[in-house]
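*Asks:* Protein chains in written order, with my numbering: chain R, 1 to 361; chain S, 1 to 361. All C-beta atoms in this analysis are idealised placements derived from N, C-alpha and C, irrespective of residue type, glycine included. Sending over a structure as structure tokens; questions will come in a sec.
Protein chains: 2
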Amino acid sequence: MKIGGKHWRTIWPEDEGAVGIIDQTKLPHRFETLSLHTLEDAAHAIKAMIVRGAPLIGATAAYGIALAMHKDTSDAALDAAHDTLLETRPTAVNLHWALKRMRDRLRNQPPAERAALAWKEAATICDEDVEVCRAIGEHGLKLFREAAAKKKPGETLNVLTHCNAGWLACVDWGTALAPIYMAHDSGIKLHVRVDETRPRNQGASLTAYELGSHGVPHTIIADNAGGLYMRQKQVDLCIVGTDRVTANGDVANKIGTYLKALAAKDNDVPFYVALPSSTIDWNLSRGEDIPIEERSADELLKMTGRLPDGGLATVEIAAPGSPAANPGFDVTPARLVTAFVTERGVCAADEAGLRGLFPKQ
Amino acid sequence: MKIGGKHWRTIWPEDEGAVGIIDQTKLPHRFETLSLHTLEDAAHAIKAMIVRGAPLIGATAAYGIALAMHKDTSDAALDAAHDTLLETRPTAVNLHWALKRMRDRLRNQPPAERAALAWKEAATICDEDVEVCRAIGEHGLKLFREAAAKKKPGETLNVLTHCNAGWLACVDWGTALAPIYMAHDSGIKLHVRVDETRPRNQGASLTAYELGSHGVPHTIIADNAGGLYMRQKQVDLCIVGTDRVTANGDVANKIGTYLKALAAKDNDVPFYVALPSSTIDWNLSRGEDIPIEERSADELLKMTGRLPDGGLATVEIAAPGSPAANPGFDVTPARLVTAFVTERGVCAADEAGLRGLFPKQ
């Protein structure tokens, strides 16, 4: 995607064995990049959400293994790097997937070749992610075309999304936002309502930033507002990403997704979930078994933003002394999901649907 | 309610024809009071949400009429004051109710007596509101006792509320929070999850402040989180206030209420709405006809809080240049409401239920 006319990915190899990333904690206030030099840098970037979004977490973890191999190519170092990175975030399954793939790729190779192989494999994971997101965009575009065809001539197709499942959550394109970019680029007149996505505001910060940079008409709304708009027939479809889909089609995604899915069901609005197949956890049979990350109360109690002089400040916003709880994800039962949009096409949100596109190996 | 050991109401007559209020825009950061001297002061206080909450809006409007009569007791002044105050907020019906009551009380009285009568009537409205809220608390307490009786010994009764329907929204006690205070005071072990309530954060700011001041165990959560907690069986009942209930039992309340009601229904959690009968709009047959206030985008795009040095600052939090929309209320259909808690008791959320307690005059 382009920022100020220049094409960017969210992660890239740099000279001398470093990895470049966009510091997403600074967005939308500042566009800054960082270099990761060590395994610890990569683990911190994931944990502190300097990078976030299930696919990008996987890609960063892959490069984290490569950074570790740059220093020590032993089996012990490989296992330690795998375990360190696995502990950074509990909910996104792409992390498991990417780490397993890296370790499987390197395990039986001579240590002397592991550093070079790891760099190559991490780069391949990134390139594949771009291709997968592009394919998700193409398949989703068909759904958007169908929805647009139901509108009267000149009417706008109204889309609602939650959190950020755009190119900033991936390596490029995004998952839920890929069809939005392609629909916009193909001339479909659309407008996106962007849930603010408390408490970290990835909608108001990142999705709005992405859509604004690309010129897609959009409006930020409170997470509370989507139900009203659906009741007022001002939403034609919802599309979100996911951090983990269980074998039965249950969807873990950013906290609040479940509430929007309920409202969509109550108002006959299609609710689509876009995902690369690396997000499917075939080992879990139902959403109740997905671990839900509990994050810092500070994310709810404090807010960072721009002062009138352009500087950044963090303010405490809640009643002094009141505690807060901050679960990062919820689980939307498959019964509320209209369809999955994957790199191999669109399918029903159940095991048969998923297995139809992704048969057992 | 007590603040720092002193008993406060949210509005009170002062010497020399002024009216005292708590500046709720400063809470929870500062406890400051203001004096209203003119009709215009009262209208501004309502419009700028220096006072808010349907019952307190009604009480402030009543005193606004009294302030107007202090200056000019003519029929024309009475009508002008009525119309000015009616335009301040569109959704809460208590405003209409209080203004009609004041005008009806004064209209056929000699102008020379109107100023004194208006002061007396406004004070009566306030006293009645306190009594009504106390009665709502008593009736709600029975529901809390029943819910607590279903818990195992020693278990905590988990309550969820949205926005602020506490004493700060009324003259004293509150509507939805009155049963919570009474349950806590009567020794029921309870814990309240407080929705932050974006975009104005009345939950994190006002409800948390109230509950903290009264010593009620509570936790602030993102508006997005309530669905997860209900799925995890961590909510025993929800209780909220309302700005207007239509004759069929549909409920206008703070934006986001509908989403929580959907989640409650999906998880068999009772969803109660507490209201004084002045909130019932017998003239509207269904919620779709309630006007929904559209408020400033700045409420979503900016945030005020405390700096580390104790000063207050307002920061811009969203992507620069992205527009926002800010509807203040949504409508929860009666089918999602378990029961109404009114000053005359608990009733079904439909016309028969309401008419059973409040027969046609």
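Should S/HIS218 be flagged as near chain R, meaning a C-beta pair shorter than 9 Å?
*Replies:* Taking the second sequence and counting its residues from 1, one reaches residue 218 of chain S at position 218. By this cut-off, S/HIS218 is an interface position.
*Asks:* Look at the alpha carbon of R/ASP281 and the alpha carbon of R/VAL245, and state the distance between them as a whole number of angstroms.
*Replies:* Residue 281 of chain R sits at position 281 when you count from the first residue of the first sequence. Residue 245 of chain R sits at position 245 when you count from the first residue of the first sequence. Cα-Cα distance, rounded: 6 Å.
*Asks:* Rounded C-beta distance between R/LEU301 and R/ALA325? I'm assuming under 8 Å.
*Replies:* Taking the first residue of the first sequence as position 1, residue 301 of chain R is located at position 301. Taking the first residue of the first sequence as position 1, residue 325 of chain R is located at position 325. Not quite, the Cβ-Cβ distance comes to about 11 Å (not below 8 Å), so this is no contact.
*Asks:* Which value, in whole angstroms, describes the spacing of the CA atoms of S/ARG30 and R/TYR209?
*Replies:* Here residue 30 of chain S is taken as the residue at index 30 of the second sequence, counted from 1. Here residue 209 of chain R is taken as the residue at index 209 of the first sequence, counted from 1. Roughly 34 Å between the two C-alpha positions.
*Asks:* What is the rounded straight-line gap between the Cα of S/ALA59 and the Cα of S/SER285?
*Replies:* As a first step, residue 59 of chain S must be located in the second sequence, where it is residue number 59. As a first step, residue 285 of chain S must be located in the second sequence, where it is residue number 285. Between S/ALA59 and S/SER285, the C-alpha separation is close to 25 Å.
*Asks:* So, with DSSP's three-state summary, where would you put R/ILE22?
*Replies:* Taking the first residue of the first sequence as 1, we reach residue 22 of chain R at position 22. Of the three classes helix, strand and coil, the one that applies to R/ILE22 here is strand, per DSSP.
*Asks:* By the 10 Å Cβ neighbour count, where 16 or more other Cβ atoms means buried, how is R/GLU32 classified, buried or exposed?
*Replies:* Here residue 32 of chain R corresponds to residue number 32 of the first sequence, with the count starting at 1. Under this definition R/GLU32 is an exposed residue.
*Asks:* Can you give me the C-alpha to C-alpha distance between S/VAL315 and R/HIS214, rounded to a whole angstrom?
*Replies:* Within the second sequence, numbered from 1, the residue matching residue 315 of chain S stands at position 315. Within the first sequence, numbered from 1, the residue matching residue 214 of chain R stands at position 214. Roughly 25 Å separates the two Cα atoms.
*Asks:* Quick check: S/ASN267 and S/VAL240, are their CB atoms within less than 9 Å of each other?
*Replies:* As a working note, residue 267 of chain S is residue 267 in the second sequence. As a working note, residue 240 of chain S is residue 240 in the second sequence. Taking 9 Å as the Cβ cut-off, S/ASN267 and S/VAL240 do not qualify as a contacting pair.
*Asks:* Going by DSSP, what residue range makes up the beta strand (DSSP E) through R/GLY345?
*Replies:* Translated into positions along the first sequence, residue 345 of chain R becomes position 345. Here the beta strand (DSSP E) through R/GLY345 covers 345 to 347.
*Asks:* Mind checking if R/PRO320 is an interface residue toward chain S, Cβ cutoff 9 Å exclusive?
*Replies:* In the first sequence, the residue the question calls residue 320 of chain R occupies position 320. Output row for R/PRO320: interface = yes.
*Asks:* Suppose you measure from the CA of R/LYS228 to the CA of R/ALA222; what does that come to, to the nearest Å?
*Replies:* In the first sequence, the residue the question calls residue 228 of chain R occupies position 228. In the first sequence, the residue the question calls residue 222 of chain R occupies position 222. A small correction: the amino acid at residue 228 of chain R is Leu; Lys does not occupy that position in the sequence shown. If I take the Cα positions, the gap works out to 11 Å.
*Asks:* If you draw a straight line from the alpha carbon of S/ILE21 to that of S/ALA176, how long is it in whole angstroms?
*Replies:* The residue you call residue 21 of chain S lines up with position 21 of the second sequence. The residue you call residue 176 of chain S lines up with position 176 of the second sequence. For S/ILE21 and S/ALA176, the distance between alpha carbons rounds to 21 Å.
*Asks:* Just mark S/LYS100 as buried or exposed, buried being the case when its beta carbon has 16 or more other beta carbons within 10 Å.
*Replies:* Within the second sequence, residue 100 of chain S is the residue found at index 100, counting from 1. With fewer than 16 other Cβ atoms within 10 Å, it is exposed.
*Asks:* Could I get the ranges of all uninterrupted alpha helix (DSSP H) runs contained in the stretch 128 to 193 of chain R, with 4 residues as the minimum, in chain order?
*Replies:* Entirely contained in the stretch 128 to 193 of chain R, the alpha helix (DSSP H) runs reaching 4 residues are, in chain order, 177 to 185.
*Asks:* Does DSSP put S/ILE57 in a helix, a strand or coil?
*Replies:* Looking up residue 57 of chain S in the second sequence gives position 57. Helix.
*Asks:* Measuring alpha carbon to alpha carbon, tell me which of R/MET182, R/PRO217, R/ASN164 and R/CYS170 ends up nearest R/THR197.
*Replies:* Position 197 of the first sequence, counting from 1, holds the residue named residue 197 of chain R. Checked all of R/MET182, R/PRO217, R/ASN164 and R/CYS170; the closest Cα to R/THR197 is R/ASN164.
*Asks:* If you measure from the beta carbon of S/PHE329 to each beta carbon in chain R, is any gap under 9 Å?
*Replies:* Taking the first residue of the second sequence as position 1, residue 329 of chain S is located at position 329. It does; some Cβ of chain R falls within 9 Å.
*Asks:* What residues in the stretch 198 to 229 of chain R bring their beta carbon closer than 7 Å to a beta carbon of chain S?
*Replies:* Those would be ARG198, PRO199, ASN201, ALA204, SER205, ALA208, TYR209, GLY212, HIS218, THR219, ILE220, ILE221, ALA222, ASP223, ASN224, ALA225, GLY227 and LEU228, in chain order.
*Asks:* For S/LYS81 and S/GLU288, I'd like the C-alpha separation in whole angstroms.
*Replies:* Residue 81 of chain S sits at position 81 when you count from the first residue of the second sequence. Residue 288 of chain S sits at position 288 when you count from the first residue of the second sequence. Checking the sequence shown, residue 81 of chain S turns out to be Ala, not Lys. Roughly 29 Å between the two C-alpha positions.
*Asks:* Closer than 7 Å by beta-carbon distance: list the chain R residues that pair up with S/ALA313, in chain order.
*Replies:* Counted from its first residue, the second sequence places residue 313 of chain S at position 313. Those are LEU307, ALA313 and VAL315, listed as they occur along chain R.
*Asks:* Count the C-beta pairs between the stretch 61 to 81 of chain R and the stretch 96 to 114 of chain R that are closer than 8 Å, then say yes if the count reaches three, no if not.
*Replies:* Touching, yes, given that three or more Cβ pairs across the two stretches are closer than 8 Å.
*Asks:* Would the stretch 119 to 137 of chain S and the stretch 336 to 351 of chain S be scored as touching if the rule is three or more Cβ pairs under 8 Å?
*Replies:* Yes, the stretch 119 to 137 of chain S is in contact with the stretch 336 to 351 of chain S.
*Asks:* Using the DSSP secondary-structure output, state which residues sit across from R/HIS218 in a beta bridge.
*Replies:* Position 218 of the first sequence holds residue 218 of chain R. For R/HIS218, which the question treats as bridged, DSSP gives the partners R/VAL192.
*Asks:* Note down the Cα distance separating S/ARG114 from S/CYS126, rounded to an integer number of angstroms.
*Replies:* Counting from one through the second sequence, the residue named residue 114 of chain S turns up at place 114. Counting from one through the second sequence, the residue named residue 126 of chain S turns up at place 126. Approximately 18 Å, taken between the alpha carbons.
*Asks:* Compare the C-beta of R/GLY53 with all C-beta atoms of chain S and state if any pair is closer than 9 Å.
*Replies:* Sequence index remark: in the first sequence, residue 53 of chain R carries index 53 (1-based). Answer no: the Cβ-Cβ gap between R/GLY53 and chain S never drops below 9 Å.
*Asks:* Kindly indicate the opening and closing residues of the beta strand (DSSP E) around R/ASN94.
*Replies:* As a working note, residue 94 of chain R is residue 94 in the first sequence. Taken as a continuous stretch (DSSP letters only), R/ASN94 belongs to no beta strand (DSSP E), being part of the alpha helix (DSSP H) at 94 to 107.
*Asks:* Whole angstroms are fine: how far does the CA of S/SER186 sit from the CA of S/MET49?
*Replies:* Here the question's residue 49 of chain S lines up with position 49 in the second sequence. Here the question's residue 186 of chain S lines up with position 186 in the second sequence. Rounded to the nearest angstrom, the two C-alpha atoms are 33 Å apart.
*Asks:* Do the CB positions of R/SER205 and S/ILE317 come within less than 9 Å of each other?
*Replies:* Looking up residue 205 of chain R in the first sequence gives position 205. Looking up residue 317 of chain S in the second sequence gives position 317. For R/SER205 and S/ILE317, yes; Cβs fall inside 9 Å.
*Asks:* Can you list, in chain order, the residues of its chain with a C-beta nearer than 6 Å to that of R/LEU34? Leave out the 5 residues immediately preceding and following it.
*Replies:* Taking the first sequence and counting its residues from 1, the one referred to as residue 34 of chain R is at position 34. So the list reads ILE21 and ASP23, once near-sequence residues are dropped.
*Asks:* Using CA atoms only, rank isn't needed, just tell me which of S/VAL194, S/TRP97, S/PRO90 and S/THR10 is closest to S/VAL279.
*Replies:* Indexing the second sequence from 1 puts residue 279 of chain S at position 279. A small fix is needed here, since residue 279 of chain S is Thr in this sequence, not Val. Ranking S/VAL194, S/TRP97, S/PRO90 and S/THR10 by Cα distance to S/THR279 puts S/TRP97 first.
*Asks:* Could you tell me whether any Cβ in chain R is nearer than 9 Å to the Cβ of S/ARG193?
*Replies:* For the purposes of this step, residue 193 of chain S is taken as the residue at position 193 of the second sequence. Closer than 9 Å to some Cβ of chain R, the Cβ of S/ARG193 qualifies, so yes.
*Asks:* So what does DSSP say about S/ASP236, is it helix, strand or coil?
*Replies:* Here residue 236 of chain S corresponds to residue number 236 of the second sequence, with the count starting at 1. Three-state result, S/ASP236: coil.
*Asks:* Indicate, with yes or no, if the ligand NAP has a heavy atom lying under 8 Å from the CB of S/THR25.
*Replies:* The model depicted lacks the ligand NAP and carries no ligand whatsoever.
*Asks:* Can you grab the Cα-Cα spacing for the pair S/GLU16 / S/ALA123, in whole Å?
*Replies:* On the second sequence, residue 16 of chain S is found 16 positions in, with the first residue counted as 1. On the second sequence, residue 123 of chain S is found 123 positions in, with the first residue counted as 1. In a straight line, the C-alpha of S/GLU16 is about 15 Å away from that of S/ALA123.
*Asks:* Just list the residues that DSSP pairs R/HIS7 with in beta bridges.
*Replies:* Counting from one through the first sequence, the residue named residue 7 of chain R turns up at place 7. DSSP lists R/LYS2 as partners of R/HIS7.
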